[in-house]
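Presented below is the structure to which this report refers.
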Amino acid sequence: MEYEGDLSLLCRLARGEGRIGALGLSGGNAGAEGCAQACAFESYGLTKFKVIGAISSFAGPAIYFAANMLNKGASCYWEECTTENFISFSIRRFLNGTTADVGFLVNDVFRKEVRVEAINRFPGDVVVGVTDWKTGRGHLINLKTAGHELFDAVRATMAMPVLYRKPVIVNGQRKYDGASAIPFPALELIKRWDLDGLIIFANHPKDWRPKFGARIAEIASTFGMMPNRRRASLMRISRYENGLKDLRESKTPHLILWGSGEITAFTRDAKKIKAVAKKAYNGTVELFKRAGI
């Protein structure tokens, strides 16, 4: 498994030293890799993060991790996420605004399995990135202070433009996919939580860029959007790249666990997803051994 950065962060985390945070990035079903990496952290008791930040699809793993039940919830990627209950490219589902029905995942899976009280017992903060529907600006929502809107905030960060068009209201305002306007908020986490270390579950390969056809389709899907939302979508890749560049140039120690690229956001082969997730888990355990844990 490819990684980048300072392995000594793992030892510090194991000893409970300093203020180390975690950030899980978007990836759709490719998020199974970052989820599996985080499962290894849970299995080895490396859970003392000051904050867990989650963008888009990583919101599910984040709340399961906070509740200390990620190894149970990880199967969602090769079970529910591969079924038509979650994703269907039928005309009916498109017209209904539920091509990728994150409402199903949040309400029928996450809400039934994860108790708010368990999340609130997590010693650090748990935050998700969202994009404001009107302004197109991104910001973080702290799930531990969201009260009864906790699962609405989770649904909001996962609400992909075009593929999930059901309005999601949080604190009186409509929000949607955090990957649009705040895809890589590493420095924001570092500054707001005064972190002296950050571990990132990237879900993408180190040299990731969206394929040409996929990017053209994404650009085409923005026609007809209000200017602020269109700008957020069009700037998504450059914001991701700038966030990564800023982290690399910062003085804060960091460790990035990269994905393999073997699965994509819309992979629906359950056996393949499960196999890739297992490789990611084992690769993370090997990193622990290399670090002396």
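The numbering of the sequence shown is the working numbering, which starts it at 27 and goes up by one. Even glycine gets a Cβ: it sits at the ideal position worked out from N, Cα and C.
Would you say P47 and F84 are within 8 Å of each other, going by their C-beta atoms? Residue 47 is actually Gly in this sequence, not Pro. In this structure, F84 does not lie closer than 8 Å to G47 by Cβ.
Whole-Å CB distance - T161 paired with S82, under 8 Å assumed: Taking C-beta atoms under 8 Å as the contact rule, T161 and S82 fail to qualify, at a distance of about 18 Å.
Nearest to W234 by CA position, among K74, T290 and A80, is which residue? Comparing Cα-Cα distances from W234 to each of K74, T290 and A80, the minimum goes to T290.
T157, DSSP secondary structure in three states: Note: T157 maps to strand in three-state DSSP.
Any idea what DSSP makes of A48, helix, strand or coil? DSSP places A48 within a strand segment (E or B) once states are collapsed to three.
The alpha helix (DSSP H) enclosing E30, as first and last residue numbers: Segment Y29 to G31 is the beta strand (DSSP E) holding E30; no alpha helix (DSSP H) there.
Candidates V153, P87, S114 and R255: which alpha carbon is nearest S101's? Of V153, P87, S114 and R255, the residue nearest in Cα terms is P87.
What is the residue span of the alpha helix (DSSP H) that K298 lies within? Secondary structure note for K298: its alpha helix (DSSP H) is the uninterrupted segment A296 to A317.
Does the Cβ-Cβ distance between G60 and G71 come in under 8 Å? If you check the CB distance, G60 and G71 do not come in under 8 Å.
Per DSSP, Y190 is paired with what? Paired residues: T124.
Would you tell me roughly how many angstroms separate the C-alpha atoms of Y266 and G318, rounded to the nearest one? Just so you know, the alpha carbons of Y266 and G318 end up roughly 32 Å apart.
Distance, Cα to Cα, K271 vs S264? Going from the Cα of K271 to the Cα of S264 covers about 10 Å.
Which of the three DSSP states is assigned to F91 in this structure? Of the three classes helix, strand and coil, the one that applies to F91 here is helix, per DSSP.
Hey, out of A126, I117, Q63 and S34, whose CA is closest to T293's CA? Shortest Cα-Cα distance from T293 to any of A126, I117, Q63 and S34 involves A126.
Count the CB pairs spanning the segment 171–180 and the segment 130–139 that are closer than 8 Å, and state whether there are at least three. The segment 171–180 vs the segment 130–139: in contact.
For G173, collect the residues of the same chain with a Cβ closer than 8 Å to its Cβ; drop the 5 residues on either side in sequence, then sort them by chain order. The beta carbon of G173 sits closer than 8 Å to no other beta carbon from its chain once the five residues preceding and following it are set aside.
Taking all protein chains shown into account, decide if G42 is buried (16 or more other Cβ within 10 angstroms of its Cβ) or exposed. Burial state of G42 is exposed, judged by a 10 Å Cβ sphere holding fewer than 16 other Cβ atoms.
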